[in-house]
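Residue numbers (the numbering used here): 20 to 315. Positions of the beta carbon are idealized from the N, C-alpha and C atoms, including for glycine. Bear in mind that the values here come from a model prediction, so they are computed numbers and not experimental data. In what follows, a single structure is set out as structure tokens and then discussed.
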């Protein structure tokens, strides 16, 4: 009885139901994840975590990284996952993040498209409207139907702008077709032999009906992402609205443990320990220090 009262008091004081006991006594953790990390590793990590610790995890089915971070800021959930760092704006500036894995930007086309490779410079020209025909890339004499995401706050959109142009607010072609999220963009590419869009390698490679292009003659494989031969690597994060505590701390502890990192690796997503490129050892040390400092 005292235990039940304590849970009620804590929940009331927090002003939310971020974690609680169900009638069967199973604890629950509320989580949001962006579409890319949901597919890349979160669903599988959640499955193993739940089985190991008997902690249920409620997970959104839709929504990108901005949705995730706003949910944390509004205290609708206790933990989040996504593929960019929080911005320094009013909504996100006080949120906490730690890297748990590696993803990479990928460029997707329909499998019927004869183009298999694109240079980094030509990617920039396509995105800015300077190249508009597949013939200029070695393909058919057909217009490139560029598809981009709505707004500039998505994980894919903001990191593409930052990695390729050094400016997360960079303007892409005004003639591009604009869609809300990865799902509709992938469906559009599957339906259009002449479409071109940005995605993330880790989740796009699992979708039937789309083709990932080589970039500068380098295949976007896990091995090439890990050793930095494929140059468009980017981090995946877990987010909190406070320092790690309670069930969220248990989750992050597990995600960064050898077992959790092994689960991430088995999904086909690159984990922190596997990275072998220049500076990776220092990055791993930094992430561990950041996590340990924040959780004391």
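Residue 293 holds the alpha-carbon nearest to the alpha-carbon of residue 122 among 191, 46, 308 and 293.
Unbroken alpha helix (DSSP H) runs of no fewer than 4 residues, entirely contained in the region 245-289, are found at 265-275 and 277-285, following chain order. Distance from the CA atom of residue 130 to the CA atom of residue 119, rounded to whole angstroms, is 31 Å. In this structure, the beta-carbon distance from residue 246 to residue 296 falls below 8 Å. Shown here for residue 176: same chain residues with a beta carbon closer than 8 Å to its own, the five before and five after excluded, namely 167, 168, 170 and 217 in chain order.
For residue 47, the uninterrupted beta strand (DSSP E) run begins and ends at 46-52, by DSSP.
Taking a cut-off of 8 Å on C-beta distances, the region 88-105 touches the region 238-255, as three or more cross pairs fall below it. In the three-state scheme derived from DSSP, where H, G and I count as helix and E and B as strand, residue 299 is classed as helix. When C-alpha distances from residue 65 are compared across 78, 55 and 117, the shortest belongs to 78. A straight line joining the alpha-carbon of residue 274 with that of residue 156 spans about 41 Å. Residue 306 carries a helical assignment under DSSP once its states are collapsed to helix, strand and coil. For residue 71, the enclosing alpha helix (DSSP H) stretches over residues 62-72. A distance below 8 Å between beta-carbons, with the five flanking residues on each side excluded, links residue 181 to the following residues of its chain, in chain order: 187. Under the criterion of beta carbons closer than 8 Å, residue 47 and residue 80 do not qualify as touching, at roughly 17 Å. The bridge partners DSSP lists for residue 234 are 137 and 237. Counted as a single uninterrupted DSSP element, the beta strand (DSSP E) harbouring residue 166 occupies residues 164-168. In this structure, the straight-line span from the alpha carbon of residue 237 to that of residue 288 is close to 18 Å.
For residue 179, same chain residues with a beta-carbon under 7 Å away, outside a window of 5 residues either side, are 124 and 217 in chain order. Residue 154 counts as exposed, since fewer than 16 other C-beta atoms from the protein chains shown sit within 10 angstroms of its C-beta. In the DSSP secondary-structure assignment, residue 152 is bridged to 162. Residue 225 and residue 113 have their alpha carbons spaced roughly 34 Å apart. Straight-line measurement puts the Cα of residue 115 at about 14 Å from the Cα of residue 307. In its chain, beyond the 5 residues on either side, 100, 101, 102 and 255 have a beta carbon closer than 7 Å to the beta carbon of residue 56. Here residue 128 carries a strand assignment [DSSP, helix/strand/coil].
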